[in-house]
Amino acid sequence: MTPPADVNHTFPDAEIDELIAFGTVESHKAGDLILAEGTMAPDCIITLSGHTDIFAATDEGPRRVGWMERGQFAGDLSILTGQRHLSRVEMGADGDILRIPHDNFQRLIAGNSHFSDVFVRVFAARREFGNSRGFAAIIVIGAAMDRSVYAMRDLLMKHGVAHRWFDPADGPVAGHLMTERGLTEAQLPLVILGAADVLVQPTPEALAAGLGLDLLPDGATADVLVVGSGPGGLAAAVYAASEGLTVIALDSLAPGGQAGTSSKIENYLGFPTGISGNELARRATVQAQKFGARLVSPVRAASIGRDGDAYCLHLVDGRKLRSRAVVVASGAQYQRLPIEGIEAYEGRGIYYGATPMEAQLCGNAEVTVVGSGNSAGQGAIYLASVAKKVYVIFRRKSLRETMSEYLVKRLEEHPNIEIIGSTDVVALHGEDRLGGLTYRCRETGAEDHCDCGFLFLFLGATPNTGWLPKEMVCDERGFVKTGTDIAPIELVKAGWALDRMPSRYETSWPRIYAIGDVRKGSVKRVASSVGEGSVVVSDIHQALAEIAATGN
115 MTPPADVNHT FPDAEIDELI AFGTVESHKA GDLILAEGTM APDCIITLSG
165 HTDIFAATDE GPRRVGWMER GQFAGDLSIL TGQRHLSRVE MGADGDILRI
215 PHDNFQRLIA GNSHFSDVFV RVFAARREFG NSRGFAAIIV IGAAMDRSVY
265 AMRDLLMKHG VAHRWFDPAD GPVAGHLMTE RGLTEAQLPL VILGAADVLV
315 QPTPEALAAG LGLDLLPDGA TADVLVVGSG PGGLAAAVYA ASEGLTVIAL
365 DSLAPGGQAG TSSKIENYLG FPTGISGNEL ARRATVQAQK FGARLVSPVR
415 AASIGRDGDA YCLHLVDGRK LRSRAVVVAS GAQYQRLPIE GIEAYEGRGI
465 YYGATPMEAQ LCGNAEVTVV GSGNSAGQGA IYLASVAKKV YVIFRRKSLR
515 ETMSEYLVKR LEEHPNIEII GSTDVVALHG EDRLGGLTYR CRETGAEDHC
565 DCGFLFLFLG ATPNTGWLPK EMVCDERGFV KTGTDIAPIE LVKAGWALDR
615 MPSRYETSWP RIYAIGDVRK GSVKRVASSV GEGSVVVSDI HQALAEIAAT
665 GN
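To convert, take the position in the sequence shown, counting from 1, and add 114; that gives my numbering.
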């Protein structure tokens, strides 16, 4: 639990005088509304005299969750990101406030290290405090095995948005909340946003819009477009924005990529006790936004084409974005098992990541993990802490061929884990959800059955490159070639017209770069992707300088 001192800060008078230059002093009476719930791009409110009260909706009804006295400020990370503000700020006693408009606040954060550190530290601590206390103004109501409920909760979790989930079958709370708002079971699943707004059977895109996660206008431009917000894309966004470039970073779901689904990363430099992939992504997201990068999701890239001396990125929803430099960090996705009808069980017993949300579903149950890489090992160890039994199935003879030794030893020593090598899952069983599976030994052909309702797949990955132009040079597996991996004849066919050869991460199209798992020859490690994302920014600077020098 976060200590109370971390969730608040009091600015001394001298610092208040500095902050006044960024906003306007207002006088208010007790009871005046200062900041409405649901506001997008909310202002920063600092109390100067009297006090301000913070109210939020909960599953138990509206409640006061805090108050701010002289020198203290209201809000959480939405003040920084511009997303939907989920609490209401009122004047608790006659007095004055300092209102810093959202645009001015972003300028303050980008230009003043001291104030940036204070605001970011306190906002992040408040969100963590709310999560640890189970407080949330967002409520999801729907069945555990409803795949749309899973998709919504997955989106909220990966964006670090605290929420409560109620399954109508588990007790009276869901029914009570629905009755209060005149809702029926025919409208499930539902998302309640604060005191008043209700989304009925929303898509992930509709939920994202309701939260303010995607407010990107059509025709937006930036110095750099980053497609994919995994570790590599986030690193590129952080370094580019910190060096003065305007950045728009996109992702089809949420920041984090495959690494964001990892329950614990223990071999990443600087974290001796490990860190979850989701927490690492959340920290990097805040860091990028602190420097002014604009992170948008869930949005999908459809295609990219030349637009004079720049590039035009077409999104699936029809919007177009323009930039002179593009970082392709769209990563790779885990493959499905080659079993007919597997799609019917996805989100209903089959999952592609092991996070606290999935662990909540399969507590004290038997689960199967398929895969022999580090992600499979980390997932199995994490799930074994809540499941009755974990079976690790893989086609190779030994885990040591592909998994780090420290993970292999933990799997071998864990009493709840059974390792089954040289084996394939060949059939799935169940009606409205996964009820069991059949697996076959590759050496003997013998088959066995397991009444396991949860299957976690960590299989080989395929690159997310379907949106790239066919002229861009890739290898036979679809991974993007960069730098010296591109043969001269391939550059000619791609229309390369510069006097120089592509730089180390540059593709066969000038000023389009590929980093991380999507790139041919990349090392499938978080640290490697982060390194590539940071290094590529120097190449971007050089390429943009070339344009400025030639006037092209």
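Cβ atoms here follow ideal geometry from the backbone N, Cα and C, with glycine treated the same way.
Nearest-angstrom Cβ-Cβ length linking residue i and residue j, presumed shorter than 8 Å
i, j, result
"Asp-565", "Gly-550", "5 Å"
"Ser-411", "Val-341", "Rounded, the Cβ-Cβ distance is 11 Å, inconsistent with contact."
"Ile-168", "Gly-152", "That pair is no contact at about 14 Å."
"Arg-509", "Val-522", "Not really, about 16 Å apart at Cβ, beyond 8 Å."
"Ala-479", "Gly-567", "6 Å"
"Ile-159", "Val-121", "Rounded, the Cβ-Cβ distance is 16 Å, inconsistent with contact."
"Ala-170", "Ala-251", "5 Å"
"Val-500", "Gly-467", "Not really, about 15 Å apart at Cβ, beyond 8 Å."
"Leu-96", "Ile-418", "In the structure as shown, the chain begins at 115 and stops at 666. Residue 96 is therefore absent and cannot be evaluated."
"Arg-261", "Arg-450", "Actually they do not touch by this definition, with Cβ atoms about 15 Å apart."
"Met-205", "Gly-145", "6 Å"
"Ser-366", "Val-413", "7 Å"
Closest residue to residue i among the options (Cα-Cα distance)
i, options, result
"Pro-369", "Asp-328, Gly-384 and Gln-301", "Asp-328"
"Leu-364", "Asp-231, Ser-230 and Val-442", "Val-442"
"Ile-507", "Val-500, Tyr-520 and Gly-493", "Gly-493"
"Leu-383", "Tyr-466, Ser-262, Ser-642 and Ser-141", "Ser-642"
"Asp-613", "Gly-580, Phe-593, Leu-359 and Ala-657", "Ala-657"
"Leu-435", "Val-338, Pro-215 and Leu-451", "Val-338"
"Lys-638", "His-273, Glu-132, Gly-344 and Asp-157", "Gly-344"
"Leu-497", "Asn-488, Asp-260 and Val-481", "Val-481"
"Asn-488", "Met-471, Ala-416, Thr-375 and Thr-579", "Thr-375"
"Lys-143", "Ser-192, Gly-463 and Thr-166", "Thr-166"
"Asp-421", "Val-430, Val-413 and Val-440", "Val-440"
"Pro-316", "Gly-358, Gly-274, Ile-362 and Tyr-264", "Tyr-264"
"Ile-667", "Gly-308, Leu-133, Thr-335 and Lys-272", "This structure leaves residue 667 out entirely; the chain is present only between 115 and 666."
"Val-281", "His-273, Leu-291 and Val-275", "It should be pointed out that residue 281 corresponds to Asp in this sequence rather than to Val. Nearest of His-273, Leu-291 and Val-275 to Asp-281, Cα basis: Leu-291."
"Asn-578", "Ala-322, Leu-569, Phe-593 and Phe-572", "Phe-593"
"Tyr-459", "Cys-555, Leu-571 and Asn-530", "Leu-571"
"Thr-172", "Trp-279, Gly-432 and Ala-608", "Trp-279"
"Gly-308", "Leu-325, Ala-320 and Ala-575", "Leu-325"
"Cys-555", "Asp-131, Ile-534, Asp-546 and Phe-229", "Ile-534"
"Lys-634", "Trp-610, Thr-576 and Met-615", "Thr-576"
"Tyr-448", "Ile-495, Gly-209 and Gln-372", "Gln-372"
"Asp-208", "Leu-427, Ile-148, Leu-475 and Ala-336", "Ile-148"
Span of the beta strand (DSSP E) around residue i
i, result
"Phe-572", "Note, Phe-572: premise wrong, no beta strand (DSSP E); not H, not E."
"Met-182", "177 to 182"
"Ser-417", "415 to 421"
"Phe-169", "165 to 170"
"Val-430", "That residue, Val-430, is in no beta strand (DSSP E); it is neither H nor E in DSSP."
"Val-203", "202 to 207"
"Glu-140", "138 to 142"
"Leu-307", "304 to 307"
"Ala-628", "626 to 628"
"Tyr-466", "Note, Tyr-466: premise wrong, no beta strand (DSSP E); not H, not E."
"Gln-721", "Past the boundaries of the shown model lies residue 721; the chain is included only from 115 to 666, so the question cannot be answered."
"Arg-198", "From DSSP, Arg-198 is part of no beta strand (DSSP E); its letter is neither H nor E."
Boundaries of the alpha helix (DSSP H) in which residue i is found, first to last residue
i, result
"Met-292", "287 to 294"
"Ile-130", "127 to 134"
"Thr-399", "391 to 404"
"Ala-320", "318 to 325"
"Lys-272", "261 to 272"
"Leu-605", "602 to 608"
"Leu-222", "216 to 225"
"Thr-195", "192 to 195"
"Thr-161", "From DSSP, Thr-161 is part of no alpha helix (DSSP H) but of the beta strand (DSSP E) over 158 to 161."
"Ile-253", "No alpha helix (DSSP H) contains Ile-253, which is instead part of the beta strand (DSSP E) from 252 to 255."
"Ile-661", "640 to 664"
The ligand HEM heavy atom lying under 6 Å from the CB of residue i
i, result
"Ser-648", "Looking at this structure, you won't find the ligand HEM or any other ligand, since it has none at all."
Fill in: Cβ contact check for the stretch 190 to 205 and the stretch 325 to 343: 3 or more pairs under 8 Å
As far as the Cβ criterion goes, the stretch 190 to 205 touches the stretch 325 to 343, which means the pair count is three or higher.
Evaluate the contact criterion for the stretch 344 to 360 versus the stretch 407 to 419: three or more CB pairs, one atom per stretch, below 8 Å. yes
Would you call the stretch 574 to 588 and the stretch 619 to 637 touching, i.e. three or more CB-CB distances under 8 Å? yes
inquiry  = Would the stretch 648 to 657 count as touching the stretch 624 to 636 if we require 3 or more Cβ pairs under 8 Å?
reply    = Output reads yes: the stretch 624 to 636 touches the stretch 648 to 657.
Across the stretch 588 to 604 and the stretch 530 to 544, are there enough close Cβ pairs to call them in contact, namely three or more that are closer than 8 Å? no
Run through the stretch 533 to 599 for me and flag every whole beta strand (DSSP E) of 3 or more residues, listed as ranges in chain order. 537 to 543, 550 to 555, 561 to 564, 568 to 571 and 575 to 577
Item to check | Inside the stretch 469 to 514 only - beta strand (DSSP E) runs reaching at least 3 residues | outcome: 480 to 484 and 503 to 507
Does the count of Cβ pairs from the stretch 285 to 295 and the stretch 184 to 193 closer than 8 Å reach three? no
At what residue ranges does the stretch 315 to 377 contain a whole run of the alpha helix (DSSP H), taking only runs of 4 or more? The stretch 315 to 377 contains these whole alpha helix (DSSP H) runs: 318 to 325 and 345 to 356.
For the stretch 390 to 403 against the stretch 268 to 280, are there 3 or more C-beta pairs whose distance is under 8 Å? yes
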